[in-house]
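*Asks:* Okay, here's the structure, questions in a sec.
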Amino acid sequence: MGVVLIDGATVRDFTEDAAHFNKSVDETFALLDANKDGVLSRSELRRAFETLRLVDKDFGVDTPTGPEELTKLYDSIFDKFDGDRNGKVDLEEYRSEVRKILLAIADGLGSSPIQMALEDDDQSFLRKAAALEASKLAAASS
């Protein structure tokens with residue numbers, strides 16, 4: 002397990018570095034595209050959110066969220082990603098929405114750094130943002 006220190010500027014810089022951002026997003030998209038058809042279906046995107054535990058079933062309350070309510074939530078998330086409303090999320094739509102999410106995180110963090118404990122094999126966008134920041138700092142001090 003490792004600890005990274007990030008703030009809004011770290012996350013924003015990651016989204017603005019097109020080469021690193023696109024490579025990271027493209028790799029994640031390819032992993033999520035289970036049937037390798039070049040688009041994400043509703044079930045592929047839902048499976049990704051379930052696997053990544055981005056949505057907790059109980060939302061921190063004592064009463065678990067019912068399956069119908071979870072389905073509505075996942076459907077609304079899918080609809081945000083599916084910009085052209087064709088029932089599939091292509092790479093550009095995925096990139097665009099991930100960028101929006103990361104920029105919202107950056108805005109929320111502002112200039113206040115936070116520490117995050119991450120598993121060593123964690124390949125999240127936030128870990129990649131921290132790694133990019135660390136590589137820039139190392140290059141600048143060389």
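All residue numbers for the sequence shown refer to the working numbering, where the first residue is 2 and numbers rise by one.
Using N, Cα and C, we set each Cβ at its ideal position, and we do this for glycine too.
(1) What residue range is occupied by the uninterrupted alpha helix (DSSP H) comprising Ala147?
(2) Does Leu32 pass the burial test, meaning 16 or more other C-beta atoms within 10 Å, or should it be called exposed?
(3) If you drop the 5 nearest sequence neighbours on each side, which residues of the same chain put their C-beta closer than 7 Å to that of Arg128?
(4) Helix, strand or coil: which one does DSSP assign to Ala35?
(5) Do Phe22 and Leu46 have their C-beta atoms within less than 8 Å of each other?
(6) On the DSSP letters alone, give me the boundaries of the beta strand (DSSP E) that Leu119 sits inside.
*Replies:* Straight from the coordinates:
(1) No answer is possible for residue 147: it lies beyond the span of the chain, which begins at 2 and ends at 143.
(2) For the purposes of this step, residue 32 is taken as the residue at position 31 of the sequence shown. The residue in question, Leu32, is exposed, as its Cβ has fewer than 16 Cβ neighbours within 10 Å.
(3) Taking the sequence shown and counting its residues from 1, the one referred to as residue 128 is at position 127. So the qualifying residues of the chain are Val5, Leu119.
(4) The residue given as residue 35 occupies position 34 in the sequence shown. The answer is coil: DSSP assigns Ala35 none of H, G, I, E or B.
(5) Sequence index remark: in the sequence shown, residue 22 carries index 21 (1-based). Sequence index remark: in the sequence shown, residue 46 carries index 45 (1-based). Against a cut-off of 8 Å, the Cβ pair of Leu46 and Phe22 comes out as no contact.
(6) Residue numbering aside, residue 119 sits at position 118 when the sequence shown is read from its first letter. Its beta strand (DSSP E) spans residues 115-119.
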